[in-house]
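Chemist:
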Amino acid sequence: MATSSEIYFELVELSSHVVAKGAWSSALRANCLYRSAHLAKPGHRCRLLQGTLEITPFTPLAAVDISLGTCIQVIWLSSFAADRHSQSEAFAAIKANGSVVTWGKADFGGNSSTVAPLLTEGVVQVCGNVKASGPSRRTAE
45 MATSSEIYFE LVELSSHVVA KGAWSSALRA NCLYRSAHLA KPGHRCRLLQ GTLEITPFTP
105 LAAVDISLGT CIQVIWLSSF AADRHSQSEA FAAIKANGSV VTWGKADFGG NSSTVAPLLT
165 EGVVQVCGNV KASGPSRRTA E
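Once you know that position 19 of the sequence shown is 63 in our numbering, the rest is easy, because the numbers rise by one and skip nothing.
Structure representation (structure tokens):
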């Protein structure tokens, strides 16, 4: 049972498989959650989402909104995609049925709050891109 200085979380894959669960000190940053996720798939990179909000390794656990629940989604990235898009502003998940769901900064095409429930199953690939879906960066000729 978590004490008042601890926060209980479950790290769950999109398939609903629980990757890790337990209580962490609210004084820690979310890198402890990332370390727990990496124990399940050593060598793989991931993103952690709470609803449509991304939790970075630098996010203080005390800042995570537990009113949204304690379930944190783990999105696994291929090492190539993770290395290439580690500074991405928006992400897209390509689902098994061919549909696409996005998240991240809205200015870069990442606001999918209306379709966030679609991320719960059938995702076959996750991609990120720094500028492809964002606002135009061209200058007038």
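C-beta atoms are modelled at their ideal positions from N, C-alpha and C, and glycine is treated no differently.
1) In the structure shown, what three-state DSSP assignment does residue 80 receive?
2) Residue 51 and residue 105 look like a contact to me (Cβ under 8 Å); what is the Cβ gap, rounded to whole Å?
3) In its own chain, which residues sit with a C-beta less than 6 Å from the C-beta of residue 53, not counting the 5 before and 5 after it?
4) Going by beta carbon distance, what residues of the same chain come within less than 7 Å of residue 112, once the five residues before and after it are set aside?
5) Run through DSSP, which three-state label would residue 106 get?
6) In whole angstroms, give me the CA-to-CA distance for residue 81 and residue 148.
Modeler: Taking the structure as given:
1) In the sequence shown, the residue the question calls residue 80 occupies position 36. In the structure shown, the three-state DSSP call for residue 80 is helix.
2) Counting from one through the sequence shown, the residue named residue 51 turns up at place 7. Counting from one through the sequence shown, the residue named residue 105 turns up at place 61. About 5 Å separates the two Cβ atoms, so the contact holds.
3) Taking the sequence shown and counting its residues from 1, one reaches residue 53 at position 9. Closer than 6 Å at Cβ, skipping near neighbours: 114, 116.
4) Within the sequence shown, the letter at position 68 stands for residue 112. The beta carbon of residue 112 sits closer than 7 Å to those of 94, 95, all from its chain and outside the five residues before and after it, given in chain order.
5) In the sequence shown, residue 106 corresponds to position 62, counting from 1. Three-state result, residue 106: helix.
6) For the purposes of this step, residue 81 is identified with residue 37 of the sequence shown, where counting begins at 1. For the purposes of this step, residue 148 is identified with residue 104 of the sequence shown, where counting begins at 1. When the Cα atoms are used, residue 81 and residue 148 turn out to be separated by approximately 20 Å.
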